[in-house]
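Written below as structure tokens is the structure these notes are about.
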Amino acid sequence: MKVSPQESRQPVSSPAPLLKVRNLCLELEGRSILDQVRLDLPCRGVTALIGPSGAGKSSLLRCLNLLCDHWQGEIVIGERSVRKWPGGADALRRHLGLIGQKPVVFPGSIRRNLLFGLGRRERKVVPLSRIEKGLSSAGLWEEVRDRLDSSAGGLSLGQQQRLCIARALMLQPGLLLVDEPTSSLDPQGCHIIEETLLALARHLPVLWVTHDLAQAQRVADQVIFICQGSLVEQAPAMEFFTRPKRLETREFLRWNVCECDG
Amino acid sequence: MLKFVVVILALPAVMLPVATFGYVLVRGWAGMTEAYGLMDQVTGSLLLAGLACALSSPVSLGMAVWLCIHGKRAGSSWLLQLQLLHGIPPLVYGLCGMVLLVQWLHWGVSLMAGAIVLAVVVLPQMTLNYLAALQRIPREWTEAARSLGLGTAQVVLRVWLPGAWRGLVTGLLLSLARTLAETAPILFTAAVFSGVGWPGSLLSPVTTLQTHIFYLAQEGIDDRAIDTAWSAASVLVLLVLGGSLIAQWLRARSLR
Ligand SMILES: Nc1ncnc2c1ncn2[C@@H]1O[C@H](COP(=O)(O)OP(=O)(O)OP(=O)(O)O)[C@@H](O)[C@H]1O
Ligand SMILES: [Mg+2]
Numbered sequence: 026m027k028v029s030p031q032e033s034r035q036p037v038s039s040p041a042p043l044l045k046v047r048n049l050c051l052e053l054e055g056r057s058i059l060d061q062v063r064l065d066l067p068c069r070g071v072t073a074l075i076g077p078s079g080a081g082k083s084s085l086l087r088c089l090n091l092l093c094d095h096w097q098g099e100i101v102i103g104e105r106s107v108r109k110w111p112g113g114a115d116a117l118r119r120h121l122g123l124i125g126q127k128p129v130v131f132p133g134s135i136r137r138n139l140l141f142g143l144g145r146r147e148r149k150v151v152p153l154s155r156i157e158k159g160l161s162s163a164g165l166w167e168e169v170r171d172r173l174d175s176s177a178g179g180l181s182l183g184q185q186q187r188l189c190i191a192r193a194l195m196l197q198p199g200l201l202l203v204d205e206p207t208s209s210l211d212p213q214g215c216h217i218i219e220e221t222l223l224a225l226a227r228h229l230p231v232l233w234v235t236h237d238l239a240q241a242q243r244v245a246d247q248v249i250f251i252c253q254g255s256l257v258e259q260a261p262a263m264e265f266f267t268r269p270k271r272l273e274t275r276e277f278l279r280w281n282v283c284e285c286d287g
Numbered sequence: 018m019l020k021f022v023v024v025i026l027a028l029p030a031v032m033l034p035v036a037t038f039g040y041v042l043v044r045g046w047a048g049m050t051e052a053y054g055l056m057d058q059v060t061g062s063l064l065l066a067g068l069a070c071a072l073s074s075p076v077s078l079g080m081a082v083w084l085c086i087h088g089k090r091a092g093s094s095w096l097l098q099l100q101l102l103h104g105i106p107p108l109v110y111g112l113c114g115m116v117l118l119v120q121w122l123h124w125g126v127s128l129m130a131g132a133i134v135l136a137v138v139v140l141p142q143m144t145l146n147y148l149a150a151l152q153r154i155p156r157e158w159t160e161a162a163r164s165l166g167l168g169t170a171q172v173v174l175r176v177w178l179p180g181a182w183r184g185l186v187t188g189l190l191l192s193l194a195r196t197l198a199e200t201a202p203i204l205f206t207a208a209v210f211s212g213v214g215w216p217g218s219l220l221s222p223v224t225t226l227q228t229h230i231f232y233l234a235q236e237g238i239d240d241r242a243i244d245t246a247w248s249a250a251s252v253l254v255l256l257v258l259g260g261s262l263i264a265q266w267l268r269a270r271s272l273r
């Protein structure tokens with residue numbers, strides 16, 4: 026049997042990846058945004074997706090949950106191709122919680138926002154215990170327990186971001202896609218979000234886009250580096266930061282470290 | 018200096034409508050005591066405008082939503098079509114309505130015929146108004162709702178319509194003001210000079226403020242008729258102005 030070099034490099038004991046992306050190509054307005062991307066996500070833990078601005082990180086996430094659906098290639102979650110997901114794209118998106126760069130709260134109460142993804146009948150009968158569980162897992166319950174019915178717009182930015190996480194968690198996703206969740210927060214808010222997501226990553230795979238190398242070092246079990254739409258290196262975090270294999274990675278790491286120092 | 022020039026240039030543009038409105042109002046109120054009654058005309062105008070907007074609203078809203086969903090691909094050519102339609106003189110619609118509805122369908126000069134013609138006249142503008150309101154919904158809202166697994170219908174019902182309702186009402190009021198001001202389309206299809214109060218059915222004719230002014234000014238036999246025309250004009254101006262002002266107020270609030 027022929028084994029491709031990348032597969033032979035993996036330790037034998039590692040479980041089958043939950044998310045597999047093969048040959049993902051995306052073209053928008055005649056420009057190639059993603060080119061032959063190949064990546065694997067394990068069943069739990071944080072995978073940091075890093076790369077310079079405009080590398081296509083957000084686009085990759087949008088391809089994964091079919092918000093952007095004119096890509097070529099193969100995306101498989103579990104054993105299923107996302108294109109043939111039972112229940113269609115909407116069901117797929119419920120399975121993949123996407124948390125964006127800026128928190129998006131809809132007009133209305135905290136409760137309305139939290140239950141936004143649920144069906145109409147479900148919304149009517151949600152018990153308080155479930156609301157508590159959802160908000161607690163995003164670390165927000167204590168702060169908002171007495172004002173569930175006040176406007177969600179009145180929350181601080183960090184609280185809004187955690188509300189968005191809780192909102193995604195209410196749908197019991199099998200995977201979290203997070204796109205620079207802390208970019209608009211202060212260090213304190215940033216820390217809380219990191220803790221929240223790390224706690225979640227014990228049970229869920231989290232694909233975490235970040236600009237911030239220090240953050241990637243703090244949170245990641247595995248790092249994926251993409252540059253100009255193609256995947257440069259995928260490696261366990263320790264290995265990635267101490268012994269990067271590719272020249273581009275070394276350049277990127279050095280350049281960013283310099284930037285931090287200056 | 019530049020400011021000064023701009024003000025001088027803009028002055029006529031501002032003064033002219035204000036002066037016209039003012040004159041119409043003053044002249045209208047002055048003659049009001051002498052004038053013949055106008056209640057029937059007010060009723061007729063409001064009924065026609067209301068019915069027309071009620072007819073075209075669902076269609077316009079549907080078209081606006083459709084354009085918003087398929088915005089990128091099909092949107093621009095449709096937008097052009099709408100603007101073209103918007104440019105057709107309303108009188109043309111009036112003539113078509115007369116031939117098709119009044120004569121061919123034997124509806125006679127009637128509320129229904131007028132309302133349908135008015136609905137067609139106001140359709141393009143109303144659609145553009147609604148579209149503008151929907152397009153002010155932030156794209157992030159739509160994407161966030163989609164990534165929570167909401168289908169298109171759900172996004173429209175739970176994000177777009179609640180988020181844009183102020184803008185939508187604004188659009189409706191502006192269209193209402195437009196239908197109130199429209200004379201040509203109803204001249205041959207809905208309006209008679211006088212003699213009807215509350216129309217008994219959808220197929221009865223009505224009298225309206227717009228056409229009343231037209232008839233009175235054209236055939237003004239005595240001073241009293243002319244006074245009545247001015248009064249009708251002032252009432253009409255007030256109605257249109259009122260609708261527009263509420264619309265502006267709502268729009269200002271929806272932009273916040
Ligand atoms: N809808 C679109 N149409 C055309 N080009 C697009 C579209 N969306 C993104 N792009 C392009 O795709 C490239 C990748 O964008 P993307 O947002 O994925 O970058 P990113 O890695 O997330 O960057 P950042 O770190 O700044 O968020 C950019 O060059 C961008 O201009
Ligand atoms: Mg991005």
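Going down the list, the protein sequences come from chains G and F. Everything in the first sequence is counted per my numbering, starting at 26 for the first residue and increasing by one. Everything in the second sequence is counted per my numbering, starting at 18 for the first residue and increasing by one. For each residue, glycine too, the CB sits at the ideal point set by N, CA and C.
What residues in the stretch 60-79 of chain G have a beta carbon less than 8 Å from any beta carbon of chain F? Hits within the stretch: zero.
Contacts around residue 162 of chain F, its chain only, beta-carbon distance under 6 Å, and the 5 residues preceding and following it disregarded: Position 145 of the second sequence, counted from the first residue, corresponds to residue 162 of chain F. In the same chain as residue 162 of chain F, and ignoring 5 residues on each side of it, the C-beta atoms closer than 6 Å to its own belong to 172 and 176, in chain order.
What residue does the alpha helix (DSSP H) around residue 233 of chain G start on, and which one ends it? Start at 1 with the first residue of the first sequence, and residue 233 of chain G comes out as number 208. Here residue 233 of chain G belongs to no alpha helix (DSSP H); instead the beta strand (DSSP E) covers 230-234.
Residue 45 of chain G - containing beta strand (DSSP E), residue span: In the first sequence, counting from the first residue as 1, residue 45 of chain G sits at position 20. DSSP places residue 45 of chain G inside the beta strand (DSSP E), whose first and last residues are 44-53.
Quick check on the DSSP output: the alpha helix (DSSP H) that includes residue 194 of chain F runs from which residue to which? Position 177 of the second sequence, counted from the start, is the residue given in the question as residue 194 of chain F. Its alpha helix (DSSP H) spans residues 178-198.
From residue 130 of chain G to residue 77 of chain G, what does the alpha carbon distance come to, in whole angstroms? Residue numbering aside, residue 130 of chain G sits at position 105 when the first sequence is read from its first letter. Residue numbering aside, residue 77 of chain G sits at position 52 when the first sequence is read from its first letter. A direct Cα-Cα distance of roughly 28 Å separates residue 130 of chain G from residue 77 of chain G.
Just by C-beta distance, which residues in the stretch 68-93 of chain F are closer than 8 Å to chain G? Within the stretch 68-93 of chain F, no residue has a Cβ that lies closer than 8 Å to any Cβ of chain G.
Closer than 8 Å to chain F by CB, residue 48 of chain G: The sequence position of residue 48 of chain G within the first sequence is 23, counting from 1. It does not; no Cβ of chain F falls within 8 Å.
With a threshold of 7 Å (Cβ to nearest heavy atom), would residue 79 of chain G be considered close to ligand 1? Position 54 of the first sequence holds residue 79 of chain G. Residue 79 of chain G Cβ: within cutoff of ligand 1.
Tell me, please, whether the CB atom of residue 176 of chain F is closer than 8 Å to any CB atom in chain G? Reading the second sequence from its first residue, position 159 is the one you call residue 176 of chain F. True, the Cβ-Cβ gap to chain G drops below 8 Å.
Is there a Cβ from chain G that is less than 8 Å from the Cβ of residue 62 of chain F? Residue 62 of chain F sits at position 45 when you count from the first residue of the second sequence. No - not a single Cβ of chain G is within 8 Å of the one on residue 62 of chain F.
Does residue 268 of chain F get closer than 8 Å to chain G when you measure Cβ to Cβ? Taking the second sequence and counting its residues from 1, the one referred to as residue 268 of chain F is at position 251. Not one chain G Cβ lies under 8 Å of residue 268 of chain F.
Indicate, with yes or no, if ligand 2 has a heavy atom lying under 7 Å from the CB of residue 157 of chain F. Taking the first residue of the second sequence as position 1, residue 157 of chain F is located at position 140. Incorrect: residue 157 of chain F has no Cβ contact closer than 7 Å to ligand 2.
Within 8 Å of any Cβ in chain G, is that where the Cβ of residue 241 of chain F sits? Taking the first residue of the second sequence as position 1, residue 241 of chain F is located at position 224. Chain G contact via Cβ: absent.
In terms of residue numbering, what span does the alpha helix (DSSP H) encompassing residue 24 of chain F cover? Translated into positions along the second sequence, residue 24 of chain F becomes position 7. Judged by DSSP secondary structure, residue 24 of chain F falls within the alpha helix (DSSP H) whose first and last residues are 19-48.
Residue of G/121, G/128 and G/152 minimising C-alpha distance to residue 208 of chain G: One-based indexing of the first sequence puts residue 208 of chain G at position 183. Taking only the C-alpha atoms, the option nearest residue 208 of chain G is G/128.
Can you give the Cα-Cα distance for residue 93 of chain F and residue 160 of chain F, rounded to whole angstroms? Your numbering for residue 93 of chain F matches position 76 in the second sequence. Your numbering for residue 160 of chain F matches position 143 in the second sequence. Counting only the Cα atoms, residue 160 of chain F lies some 22 Å from residue 93 of chain F.
Between residue 165 of chain F and chain G, is any beta-carbon pair separated by less than 8 Å? The residue given as residue 165 of chain F occupies position 148 in the second sequence. By this cut-off, residue 165 of chain F is an interface position.
Residue 263 of chain F and residue 250 of chain F closer than 8 Å at C-beta: As a working note, residue 263 of chain F is residue 246 in the second sequence. As a working note, residue 250 of chain F is residue 233 in the second sequence. Contact: no.
Chain F within 8 Å of residue 82 of chain G, Cβ atoms only: Along the first sequence, read from residue 1 onward, the residue named residue 82 of chain G stands at position 57. With 8 Å as the cut-off, residue 82 of chain G does not count as an interface residue toward chain F.
Measure the alpha-carbon distance for residue 45 of chain F versus residue 254 of chain F and round it to whole angstroms. Position 28 of the second sequence, counted from the first residue, corresponds to residue 45 of chain F. Position 237 of the second sequence, counted from the first residue, corresponds to residue 254 of chain F. Just so you know, the alpha carbons of residue 45 of chain F and residue 254 of chain F end up roughly 10 Å apart.
With distances taken Cα to Cα, identify the nearest neighbour of residue 41 of chain G among G/75, G/124, G/61 and G/66. Here residue 41 of chain G corresponds to residue number 16 of the first sequence, with the count starting at 1. With distances taken between Cα atoms, residue 41 of chain G lies closest to G/66.
Whole beta strand (DSSP E) elements within the stretch 75-133 of chain F, 3-residue minimum: As far as the stretch 75-133 of chain F is concerned, it has no whole beta strand (DSSP E) run of at least 3 residues.
For residue 200 of chain F and residue 152 of chain F, I'd like the C-alpha separation in whole angstroms. Counting from 1 along the second sequence, the entry for residue 200 of chain F is found at position 183. Counting from 1 along the second sequence, the entry for residue 152 of chain F is found at position 135. A straight line joining the alpha-carbon of residue 200 of chain F with that of residue 152 of chain F spans about 31 Å.
Stretch-stretch touch, CB-based, cutoff 8 Å, three pairs: the stretch 132-141 of chain G with the stretch 116-124 of chain G: These segments do not touch.
Which bits of chain F does residue 90 of chain G rub up against, with CB to CB less than 9 Å? In the first sequence, the residue the question calls residue 90 of chain G occupies position 65. In chain order: 163 and 164.
At least 3 beta-carbon pairs within less than 8 Å: the stretch 246-263 of chain G vs the stretch 93-103 of chain G: The stretch 246-263 of chain G vs the stretch 93-103 of chain G: no contact.
Return the bridge partner residues of residue 203 of chain G from the DSSP annotation. Numbered from 1 along the first sequence, position 178 holds the residue referred to as residue 203 of chain G. Beta-bridge pairing by DSSP links residue 203 of chain G to G/124 and G/233.
Along the chain, which unbroken stretches of the alpha helix (DSSP H) at least 4 residues long are found entirely within the stretch 86-170 of chain G? If we require 4 residues or more, the alpha helix (DSSP H) runs fully inside the stretch 86-170 of chain G come out as 113-120, 135-139, 145-150, 153-162 and 166-169.
Relative to ligand 2, is the shortest distance from any of its heavy atoms to the C-beta of residue 251 of chain F smaller than 7 Å? Against the second sequence, residue 251 of chain F aligns to sequence position 234. No - ligand 2 has no heavy atom lying nearer than 7 Å to the Cβ of residue 251 of chain F.
Looking at the C-beta of residue 174 of chain G, does it have a partner C-beta in chain F at a distance below 8 Å? On the first sequence, position 149 is the one that residue 174 of chain G refers to. It does not: the Cβ of residue 174 of chain G has no partner Cβ on chain F nearer than 8 Å.
Sorted by chain position, which residues of the same chain lie with C-beta nearer than 7 Å to residue 253 of chain G's C-beta, five sequence neighbours on each side aside? One-based indexing of the first sequence puts residue 253 of chain G at position 228. These residues qualify, in order along the chain: 80.
Proximal residues of chain G, C-beta to C-beta of residue 160 of chain F below 9 Å: Stepping through the second sequence from its first residue, residue 160 of chain F is reached at position 143. Residues of chain G whose Cβ lies closer than 9 Å to the Cβ of residue 160 of chain F are, in chain order, 87, 92, 123, 125 and 129.
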